[in-house]
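So the protein lines, in turn, are chains A and E.
Residue numbers for the first sequence follow the numbering used here, so the first one is 1 and each next one is one higher.
Residue numbers for the second sequence follow the numbering used here, so the first one is 1 and each next one is one higher.
Notes follow once the structure below has been shown.
Protein chains: 2
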Amino acid sequence: MDSIRTLEDPEATVLALDIGGTYTKAGLVSRSGEIRHVAVMDTASGDPFEQYVPRLAELFDRLRKASEKADPLAMGVGAPNASSQSGMMETPPNFQWGDRIPIANTCSKLWELPVFLTNDANAAALGEGRFGAARGLTDFVTLTLGTGLGSGIVSGGRLLTGANGLAGELGHINVFPEGRQCNCGLKGCLETYASVTGIRRTVFELIANRREPSVLEHYAFEELTGRIISEAANEGDALALEAFDYTAGILGTKMADTVAHLDPEAFVISGGLSQAGAILLEPLKRALEERLFPVYRGRVRVLMSSYTSEQAVLGPAALAWEKLEEGLGGR
Amino acid sequence: MDSIRTLEDPEATVLALDIGGTYTKAGLVSRSGEIRHVAVMDTASGDPFEQYVPRLAELFDRLRKASEKADPLAMGVGAPNASSQSGMMETPPNFQWGDRIPIANTCSKLWELPVFLTNDANAAALGEGRFGAARGLTDFVTLTLGTGLGSGIVSGGRLLTGANGLAGELGHINVFPEGRQCNCGLKGCLETYASVTGIRRTVFELIANRREPSVLEHYAFEELTGRIISEAANEGDALALEAFDYTAGILGTKMADTVAHLDPEAFVISGGLSQAGAILLEPLKRALEERLFPVYRGRVRVLMSSYTSEQAVLGPAALAWEKLEEGLGGR
């Protein structure tokens, strides 16, 4: 079999690996963003990393078998708290894998390829910029509203990395100095309000403070999901609607601060909470516009990510393609 | 007379023009940041721009006469609300010069040179990075605490400009949603607290709320300067000290949010309020460190600008040298 070894070959692919707290997705992705093959498994982040490695080897084997011509040029990996500088996942929350997980080396042993690593939020930003809602934009910010709030910043066509590779932790900007306790040890962080977990906390606060009946009173905190709150809001439940308004008001105000830093063309919103659609988006756009410094008004768009779950591999794929085009060697 | 026309010539200079609300400073600056000659005049921003132009011509003539070899390679200009894209000062606050002032064209008519223009805060950031407190740093933020709060952001060695050339308006991030009225029309902007004007407002608020005597009770609002408040604090006036602590607490908290965006190595503080020195700096560092997301702790320095007043020309000089090195043509 002849190897594919030029970027220009239309058959050329990269191997893209997205490691999430729940699922691990691997795909072969062309330069134009076509996902040729994809394979998914549970991450099982509560089990030791030693058990993950052979399962990842199997996942890669499934891809090799699915595609006879599987000869990717490089591997892109997006993972929580991953550092491009160290090649490690560093104390990722919700993972029982240890403090420094050598994920780049592990991957390159399983499939002998140059490996490019970044954290999941930065990978998402690269993917949206190359293949997704931010295609063609040079200045944008991605916000992933899931269990926490992840973010990636592209400015002047470049992903901002900062002095230590740690730029873009917008989940931890401050909303209220004496606000909700955050997992990070600080109080009042944005992700304690603007995330799936945040809106669940808001619902419970509203139940505690209000006397109107709500369908959400039937759920324990552990049972309450973003989907349940969205559905209640869509059916007109006043408390659920108030929870979305409150969340959107806080997030929009803080997005205005982000604009005052970066002057972006757009935000791209993704993650579980974004599935609420207009119930989140409309009050969010209003709060943002009201809070913008006047020179920015009418200039900042709020876009929804169009990705399906499997398209999460487009983030790490974009990273690999970008690095190949820059002519870098990887690990 | 032979012209100097190479960047490498040690005699080579650029003409640097710093237009402030009070003073206009012009200087001839070498590539290593040596200020060969400098000339200063009142800006008289309350008089029409038509009166400013002949006075600027005279200022340039003084430089020409002071230096027989005055043959600068280019002109760098820093001015409030100046846009590199339009070549205009656009509705600068505190200037009675109109809405769109063609400053780049005006300058190139007075001294036939390629002109590079940026706003004063961005020029300051470039100057600190090339010649000042941030020399050698690739990721830093400058904060000028004067009448308002000006800021410039350098990330990955590049000045951030944003989609519309309007990045770095940190004076207008929100502190309190229903806080102090700002000139921009919003409420609770950072510069209504963390600036010379901001601390004057804080002193008046404290006088209104407290009953302890303070030397600051002797001053009308118009008389009260940053220097008077600093001197009172240095002499142990409890109210003045409380005003600095309050200001530093707010600014430090918001600087932590800036770190969560950009992961900078340092902040560089300048402007009238920074002359208070340790009385501002010590509580500022404490508030910042307390509010930092844990991964950033111990990694962000707070530096004071070492510039004297005349060294303001180093900002626009840095702009001109940078553009010459990039081989750009100017206006």
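Yeah, the Cβ is synthetic: ideal placement off N, Cα and C, and Gly gets one too.
A quick note: this is a predicted structure, and the numbers were derived from the prediction, not measured.
C-alpha gap between residue i and residue j, whole angstroms
i	j	result
SER173/E	VAL259/E	Before going further, note that residue 173/E is Ile rather than Ser in the sequence given. For ILE173/E and VAL259/E, the distance between alpha carbons rounds to 14 Å.
LEU7/A	LYS69/A	15 Å
ALA121/E	MET89/A	37 Å
SER155/E	PHE140/A	15 Å
PHE60/A	PHE293/E	36 Å
ILE207/E	GLU231/E	17 Å
GLY298/A	GLY236/A	30 Å
GLY179/A	LYS254/A	15 Å
GLU205/E	LEU239/E	10 Å
GLU265/A	THR142/A	11 Å
LEU324/A	VAL77/A	14 Å
GLY146/E	THR247/E	13 Å
GLU326/A	THR13/A	16 Å
ARG200/E	VAL295/E	35 Å
THR138/E	ARG31/E	19 Å
GLU322/E	GLU290/E	37 Å
GLU219/E	GLY168/E	For the sequence presented, residue 219/E should be read as Tyr rather than Glu. If I take the Cα positions, the gap works out to 34 Å.
PRO283/E	TYR23/A	45 Å
LEU303/E	LEU280/A	41 Å
MET226/A	ALA276/A	The sequence shown places Gly at residue 226/A, rather than the Met named in the question. Approximately 8 Å between the Cα atoms of the pair.
is_contact[residue i, chain E] using C-beta, thresh 8 Å
i	result
ILE153/A	yes
GLU265/A	yes
PHE176/A	no
GLY98/A	no
GLU169/A	yes
PHE132/A	In the sequence as displayed, the identity of residue 132/A is Gly instead of Phe. Cβ-Cβ to chain E under 8 Å: no for GLY132/A.
GLY146/A	no
ILE101/A	no
CYS107/A	no
THR253/A	yes
GLY185/A	yes
ARG201/A	no
THR161/A	yes
ARG158/A	yes
LEU328/A	no
Rounded Cβ spacing between residue i and residue j (contact assumed at less than 8 Å)
i	j	result
GLY272/E	VAL196/E	5 Å
ASP263/A	LEU166/E	4 Å
LEU117/E	LEU149/E	Going by Cβ atoms, the distance from LEU117/E to LEU149/E rounds to 22 Å, so no, they are not a contact pair.
ASN119/E	ASN81/E	6 Å
GLU191/E	GLY198/E	6 Å
LEU28/E	LEU17/E	LEU28/E to LEU17/E, Cβ: 11 Å. No contact.
ALA57/E	LEU110/E	5 Å
PRO177/E	GLY162/E	Contact doesn't hold; Cβ gap of about 24 Å is too wide.
LEU63/A	ALA26/A	6 Å
HIS37/E	ALA66/E	4 Å
SER305/A	GLU128/A	6 Å
VAL203/A	ALA243/A	5 Å
ILE269/A	HIS261/E	Incorrect: roughly 17 Å between the Cβ atoms, too far for contact.
ILE35/E	ALA79/E	Actually they do not touch by this definition, with Cβ atoms about 19 Å apart.
GLY252/E	ALA287/E	3 Å
Residue-level contact to chain A via CB, residue i, 8 Å cutoff
i	result
THR335/E	Shown here, chain E extends from 1 to 331; a query on residue 335/E therefore has no answer.
TYR193/E	no
PHE95/E	no
PHE293/E	yes
TYR296/E	yes
MET1/E	Bear in mind that the predicted position of MET1/E carries a pLDDT of just 42, short of 50, making it unreliable; the figure below should be weighed with that in mind. MET1/E does not count as touching chain A.
THR138/E	yes
GLY271/E	no
ARG64/E	no
ASN119/E	no
Cβ-heavy atom distance, residue i to the ligand NAP, below 7 Å
i	result
ALA248/A	No copy of the ligand NAP appears in this structure; indeed no ligand is present at all.
Minimum length 4: unbroken alpha helix (DSSP H) runs contained in the region 200 to 286 of chain A: 226 to 234, 238 to 262
Contact between the region 114 to 131 of chain E and the region 310 to 321 of chain E (3+ Cβ pairs under 8 Å): Yes, the region 114 to 131 of chain E touches the region 310 to 321 of chain E.
Continuous alpha helix (DSSP H) assignments of at least 4 residues falling wholly in the region 12 to 95 of chain E: 49 to 66
Three-pair Cβ contact test at 8 Å for the region 32 to 49 of chain E versus the region 297 to 311 of chain A: no
Residue ranges of each beta strand (DSSP E) within the region 96 to 168 of chain E, 3 or longer: 115 to 119, 140 to 145, 149 to 155
Whole beta strand (DSSP E) elements within the region 288 to 330 of chain E, 3-residue minimum: Taking only runs of at least 3 residues, the beta strand (DSSP E) segments lying wholly in the region 288 to 330 of chain E are 301 to 304.
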